[in-house]
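Chains as they are written, first to last, in the working numbering: chain A, 1152 to 1293; chain B, 135 to 308; chain C, 222 to 733; chain D, 3 to 113.
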């Protein structure tokens, strides 16, 4: 790819990444949430890979890392949900933190935490899928 | 409102038909993408901004995946000659479609028309901002009232990632 | 016990999430964890069955209580029928995991295999536990997406093609189910199954309900491989690795296809004559055509797959006949007998068809072929496989004292008492056909002259595989005890009771 | 009327899945079926003159559209993404084995 494309992508994907983070963290206030934001974050990484390309060895390492991230993130979501069985209303998936004021950034109990970890899970899952396709095409379908 | 919606859906139907009959796979994919983006406009019209955001990013990602797969492959679809049977097939398809649409029409006659929905289970969800603390009611439903569904949904994405890794691994047997 | 209900979903999910992280560093961690998880669930459900006196447990996820008798959260319901299905899923799953220890050695990526297996079990447990329609759809998707990947696990031509076909039909089914659920939400404005049942019973209109019912029957019929929609089953079940074929045939089509049909059409919708007739006709077609198609097969696993369709036909006939008798105000005893026969055959089929697929896997493991014409004389070299498959074949063709005899007998007696003489005759006929093709299997695989010309000598399979097969072979005999009073009350009767008191389900849950 | 058009879109997708002989076209057919079901669900929850279900300060006693179908569609969109990814993975593998996406040249197995 030409230098212009690379520079432009570098700038753009930073913006996309930040926007993804904004959507994740404000999921309980504005439209969007863990899913939309997670897909955006994954999209910024995918843009980078598309523009810069990368050798297969590096990609394989990233694939392992993103799949581990994915498993850990969803495990944390499950643990957050299980904690509800012992705290507050003593039920699975219970919202056991202080609610706070509706409309504030730090409010809505566990929901922001769920949003963050679900966003992480979605981002790394999509990245894993994309990397699996790219590695497969590079190695097998030359 | 409903007329605008109908026009967009009609456009989507035409796009879908073109997409299914295009000779080149890449143009088929792009037509499918346009149908997906028209869906975003429908969501905005129907007051669902959350879904619009999710649909627009998911559609983009899906298109990237699909184009990445199709790009270096044989894109041409095999040509088929138009025979007499083709007209018979079209006739059968149209007849089945008419029967199904007619039965669907009779089935939904008694239900609320567009725009006059009432809530039963969701009444509590609409008043539930105090109970979940979330200003975005959809997020409140997703992560609190029906958080169990969302856990399942995240699990499905996890399953798909593991499944793709399984299917695309290089060597199957030792 | 109340809080333990949710463990049926959490434990397999948790192990599935842990395996990819830790399994890389510790060898054999994946096997130990999945085995322990399933053993724990087995003990849990047995504990419930033997001490819980089968009271109905309602678990409200996130603690949302109903407002003015309208449930707003997701409810999990553990009653007799769910417990019955949970017992089948987790015990067969446990034996299959044990069997896989040796069998899966020839494949790579064992971590992914056990992860997907745990996810599939979590999905099925979620489906049978849930009391919420959309939640059922979500967990059904977990189970089937895991099974799509597992069918393609060998990544050879046949596996990939079978998996694609399975995905196409399964995808259509999923979307039909989703369409049905959305129509139902439109009609009733609620998703809780008990509440839907309550709302529908107050509405006079039946055209909408009939349309929804037909869409849902089509969707779940494809998932359960009933005859007009069976095209994916023989390919998918014969291409998957053998332990997975055993799970798919023995458990998956029951948990997501038949169970959903039973639950929705007994407990959620009011029973109508048309639907009962449709279900019975579909069951009869499956039973007869599946049996006829199975005779001509020479690929061992395809033969077993077609026979699955045929045997599931028996189950559906029992269920449909029960509905027909109930709706025509027949004798309630006869109806409950038909339903008991169907459910009894369901558990029996899980055991013997699971065992037969494991046998097929063992034969493939030892000789490397699935073609019946290339086998022969294996009885001498593989005594365990031979004897267990003999017991399973006897059970499936209904020879006393094996369990298959009693369940078929119940269905046939109920058909005669309910004056469905044609059904009874067909059931007997198909039973004879079943005997014919299993005799063919026995003869060509075990008793003919040795035709196998491989390089190595044929040896008996390793211990873990043999152990699972022996346990299931013994179960084939022991399960016939379920018919006798005293034991029947623990497992079978509570499940039948749930179905017989059709509308009790909804009033029990929403408390009206 | 909109509902019927939506159902026709569903049937168009179904037609594509059942009759097309190209693996990618089948995937496209699935996407179209999914779109129609999503649209259908969101239309059910729409209420004339109601607001999007997000609380903004100074907004009291307004009517909101039903958030439950929207939450369901959000779940279903992600499920659709997952199924599409699985289908594409299998399709690319089949392409490697046979060198074509055309299903008429790929049938070892018969139902």
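Beta carbons: idealized from backbone N, C-alpha and C, even for Gly. If you're wondering where the values come from, they're calculated on a predicted model, not measured in any experiment.
May I ask you to report which of helix, strand or coil DSSP gives residue i?
i, result
"residue 475 of chain C", "helix"
"residue 1180 of chain A", "coil"
"residue 296 of chain C", "strand"
"residue 638 of chain C", "helix"
"residue 308 of chain B", "coil"
"residue 676 of chain C", "Because residue 676 of chain C sits at a pLDDT of 48, beneath the cut-off of 50, its placement in the model cannot be relied upon, and the following sentence gives the value as read from the coordinates. Residue state, collapsed to three classes: coil."
"residue 250 of chain B", "strand"
"residue 268 of chain C", "helix"
"residue 223 of chain C", "helix"
"residue 424 of chain C", "coil"
"residue 223 of chain B", "helix"
"residue 14 of chain D", "helix"
"residue 1267 of chain A", "helix"
"residue 624 of chain C", "helix"
"residue 493 of chain C", "coil"
"residue 67 of chain D", "coil"
"residue 351 of chain C", "strand"
"residue 1203 of chain A", "helix"
"residue 291 of chain C", "strand"
"residue 592 of chain C", "strand"
Got a sec? Which residues, its chain only, sit under 6 Å from residue i by beta carbon, not counting five neighbours each side?
i, result
"residue 1220 of chain A", "1275"
"residue 1193 of chain A", "1274, 1277 and 1278"
"residue 317 of chain C", "464, 467 and 468"
"residue 568 of chain C", "309"
"residue 241 of chain B", "none"
"residue 433 of chain C", "401, 404 and 405"
Identify the contact partners of residue i in chain C, using a Cβ-Cβ distance below 7 Å as the criterion.
i, result
"residue 299 of chain B", "333"
"residue 1223 of chain A", "242"
"residue 152 of chain B", "The premise fails here: residue 152 of chain B is roughly 22 Å from chain C at the closest Cβ pair, so nothing lies under 7 Å."
"residue 103 of chain D", "Neighbours of residue 103 of chain D on chain C: none; closest Cβ ~11 Å, over 7 Å."
"residue 78 of chain D", "399"
For residue i, go through chain A and note every residue whose CB falls closer than 7 Å to its CB, in chain order.
i, result
"residue 292 of chain C", "Per Cβ cutoff of 7 Å: no residues; residue 292 of chain C is ~14 Å from chain A at best."
"residue 238 of chain C", "1222, 1225, 1226 and 1229"
Cβ closer than 9 Å: which chain B residues qualify as neighbours of residue i?
i, result
"residue 1194 of chain A", "191, 194, 195 and 198"
"residue 232 of chain C", "Result: empty, since nearest Cβ-Cβ is about 14 Å, beyond 9 Å."
"residue 1290 of chain A", "304"
"residue 1350 of chain A", "Since the displayed chain A opens at 1152 and closes at 1293, residue 1350 of chain A lies outside it and no answer follows."
Who are the near neighbours of residue i in its chain, counting only those whose CB is closer than 7 Å to its CB and skipping five residues on each side?
i, result
"residue 1190 of chain A", "1273 and 1277"
"residue 253 of chain B", "260"
"residue 600 of chain C", "607, 667 and 668"
"residue 487 of chain C", "720 and 723"
If the cut is a Cβ gap below 8 Å, which residues of chain D does residue i touch?
i, result
"residue 228 of chain B", "Ordered by position in chain D, no residue passes the 8 Å Cβ test against residue 228 of chain B, which lies about 10 Å from the chain."
"residue 529 of chain C", "Those do not exist, as residue 529 of chain C stays about 14 Å from chain D at its closest Cβ, beyond 8 Å."
"residue 1182 of chain A", "54 and 56"
Using the beta-carbon of each residue, which ones in chain C are nearer than 9 Å to residue i?
i, result
"residue 89 of chain D", "369, 385, 388, 389 and 392"
Note down, in chain order, every chain B residue with its Cβ under 7 Å from the Cβ of residue i.
i, result
"residue 407 of chain C", "245"
"residue 330 of chain C", "300 and 303"
Would a check of beta-carbon distances place residue i closer than 8 Å to chain G?
i, result
"residue 1186 of chain A", "Annotation note: the requested chain G is absent from the structure, which comprises protein chains A, B, C and D."
Excluding the 5 residues preceding and the 5 following residue i in the sequence, name in chain order all residues of the same chain whose CB lies nearer than 8 Å to its CB.
i, result
"residue 480 of chain C", "302, 306, 348 and 349"
"residue 647 of chain C", "505, 508 and 509"
"residue 386 of chain C", "452, 453, 456 and 457"
"residue 116 of chain D", "Residue 116 of chain D cannot be examined here, being either before or after the span of chain D that is shown, 3 to 113."
Counting only Cβ pairs nearer than 7 Å, list the residues of chain D close to residue i.
i, result
"residue 766 of chain C", "Residue 766 of chain C falls outside the range modelled here, since chain C spans only 222 to 733, and no answer is possible."
"residue 259 of chain B", "69 and 70"
Which chain C residues sit within Cβ distance under 8 Å of residue i?
i, result
"residue 1277 of chain A", "By Cβ distance, chain C contributes nothing, its closest Cβ being about 15 Å from residue 1277 of chain A, past 8 Å."
"residue 281 of chain B", "282 and 283"
What does residue i reach in chain A if we use C-beta pairs closer than 9 Å?
i, result
"residue 235 of chain C", "1226, 1229, 1230 and 1233"
- Specify whether the stretch 353 to 373 of chain C and the stretch 718 to 729 of chain C touch according to this definition: at least 3 beta carbon pairs, one from each stretch, less than 8 Å apart. no
- Message: Whether or not the stretch 261 to 273 of chain B and the stretch 62 to 76 of chain D are in contact is what I'm after, with contact meaning three or more pairs of Cβ atoms, one per stretch, closer than 8 Å; do they touch?
- Response: With a cut-off of 8 Å, the stretch 261 to 273 of chain B and the stretch 62 to 76 of chain D count as touching, because enough Cβ pairs lie within range.
- Task: Assess, as a yes-or-no matter, whether the stretch 618 to 638 of chain C is touched by the stretch 647 to 658 of chain C under the definition of 3 or more beta carbon pairs within less than 8 Å.
- Result: yes
- Message: So, does the stretch 563 to 579 of chain C touch the stretch 520 to 529 of chain C, judging by three or more C-beta pairs under 8 Å?
- Response: At 8 Å Cβ cutoff, the stretches touch.
- Could you tell me whether the stretch 578 to 591 of chain C touches the stretch 546 to 562 of chain C, using the rule of 3 or more Cβ pairs below 8 Å? Counting Cβ pairs under 8 Å, fewer than three are found: no touch.
- Quick check: the stretch 10 to 27 of chain D against the stretch 706 to 723 of chain C, are there 3 or more CB pairs under 8 Å? no
- Any 3 or more C-beta pairs closer than 8 Å across the stretch 699 to 708 of chain C and the stretch 531 to 551 of chain C: no
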